[in-house]
Amino acid sequence: MHLISVVVVALVLAVPASAAARTRDAERFAALAAAGRASGTLHFAMRFENDPDTCVQSDTCGVSGTVTARLRLDSRRRLRVRGDLVALPVRGTATARARDLVAGRQCREKVARRSAGLLFVGDAHGLLLRAGAARARSGVEDPFATGCPAPDLTSFGTSALPSIRLRTVRPNINRLRLTIRARRTVTAHGITATITTSARLVLKR
C-alpha cells in the first residue's frame, strides 16, 4: 500500500504509468536547470525491516534499521542536466543504522553526500518530477547509499521516488519553487520500508 502526500506550489495531479521526456514543458524546465542554481533542503528518511512473506528467498530475515539523509542545496555550484536527470549539488550526510538478528551483526555509518537527483519527464499532462533519483554514470548519488547492509532508495524502483506534477512550465521561466512532502510504504527484495521525504527547493537563473 502506498501512502502519499505531496504538495507543490503549482498544481499536483495524478502520476501516469509512463511519460516521454523532452516535451515543450520538459525543454523549458531543462533550460532553467541548465542555466540555473538551486537553494533549499532535502530530507529523506527510511525505516526498514524484513518482509516476513519474502525474506527467506531474499535472505533478509532478521534485518532492520533506519537511514536518514539531510541535505542542503549548494547554491554556489551550478546544476547539471544529464538527459532527463538534473544533478543537484548538495552538502550533507547520510546516516545508517542497521542490524541483522540472524547473523548477530550491527552497523552504523555516516557518509558525506555531494549530489542528489531530480528526474523530470514530460507528457501530455505537463511535467512530472521525481526527487532522489540516482544514476552512477552521471555522478548522482543515491541518498540512502552507505556501507551498511541497508537498501538504497533505488532498490525499490522509480515508483518509490516522491513525485510531483506541474501542469505547465511557463516560457522563459526564471524561478521555480517546489515543496514536497511524501510518505510511501514499499516492499522489494525481501524488505519492507517506509520512506518519508520533505523538500523545499528554489531553482532560479
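Residue numbers (our numbering): 910 to 1114. Virtual Cβ for every residue (Gly too), placed ideally from N, Cα, C. Please read all numbers here as calculations on a predicted model, not as lab measurements.
Excluding five sequence neighbours on each side, which residues of the same chain lie with their C-beta closer than 6 Å to the C-beta of residue i?
i     : result
A939  : V990
T1120 : In the structure as shown, the chain starts at 910 and stops at 1114, and residue 1120 therefore has no counterpart that could be examined.
Output needed for residue i: all residues of its chain with C-beta closer than 8 Å, excluding positions within five of it in sequence on either side, in chain order.
i     : result
P925  : Caution is warranted here: a pLDDT of 39 is assigned to P925, below 50, making its placement in the model unreliable, and the coordinate value is therefore given only provisionally. Here the set comprises D1032, H1034 and L1037.
S1024 : A996, L997, P998, V999, G1048, V1049 and E1050
Shortest alpha-carbon distance to residue i belongs to which of the options?
i     : options                       : result
A887  : V1111, R1076 and L1070        : Given that the chain is displayed from residue 910 to residue 1114, the structure contains no residue 887 and the question cannot be resolved.
E958  : A1021, V976 and V1030         : V976
T1094 : L1087, I1104, L1112 and R1022 : I1104
S1072 : A1025, R1090 and L1062        : R1090
K1019 : G1026, G1001 and C964         : G1001
R933  : L1085, R1114, L1112 and R1079 : R1079
A1120 : P1060, L941 and R1022         : With the chain covering 910 to 1114 only, the question about residue 1120 has no answer from this structure.
I'd like the list of long-range same chain contacts for residue i, defined as Cβ closer than 7 Å, with 5 residues on each side in sequence excluded.
i     : result
T1096 : D960
D1009 : G971, V972 and P1058
T963  : G1099
V1011 : C970 and G971
L941  : I1082, L1085, L1112 and R1114
For the putative contact between residue i and residue j, defined by C-beta atoms under 8 Å, what is the C-beta separation to the nearest angstrom?
i    : j     : result
D983 : V999  : 6 Å
G945 : L1112 : 5 Å
Rounded to a whole number of angstroms, what is the C-alpha to C-alpha distance between residue i and residue j?
i     : j     : result
D968  : F1053 : 20 Å
R931  : L1075 : 14 Å
R1046 : A1108 : 25 Å
T1101 : A1003 : 20 Å
A1043 : R985  : 22 Å
A929  : Q966  : With a pLDDT of only 41 at A929, under the threshold of 50, the placement of this residue in the model should not be trusted, and no figure is reported.
A943  : N1083 : 11 Å
F1029 : R1039 : 7 Å
G1048 : A1007 : 26 Å
R981  : G1041 : 13 Å
D1051 : G1013 : 27 Å
L1087 : L1110 : 5 Å
L997  : R1114 : 14 Å
F1065 : G1026 : 16 Å
L951  : A935  : 22 Å
L1085 : R987  : 15 Å
S948  : Q1015 : 36 Å
R937  : T1077 : 10 Å
P1060 : S1068 : 15 Å
Q.
So, does the segment 960-973 touch the segment 991-1004, judging by three or more C-beta pairs under 8 Å?
A. no
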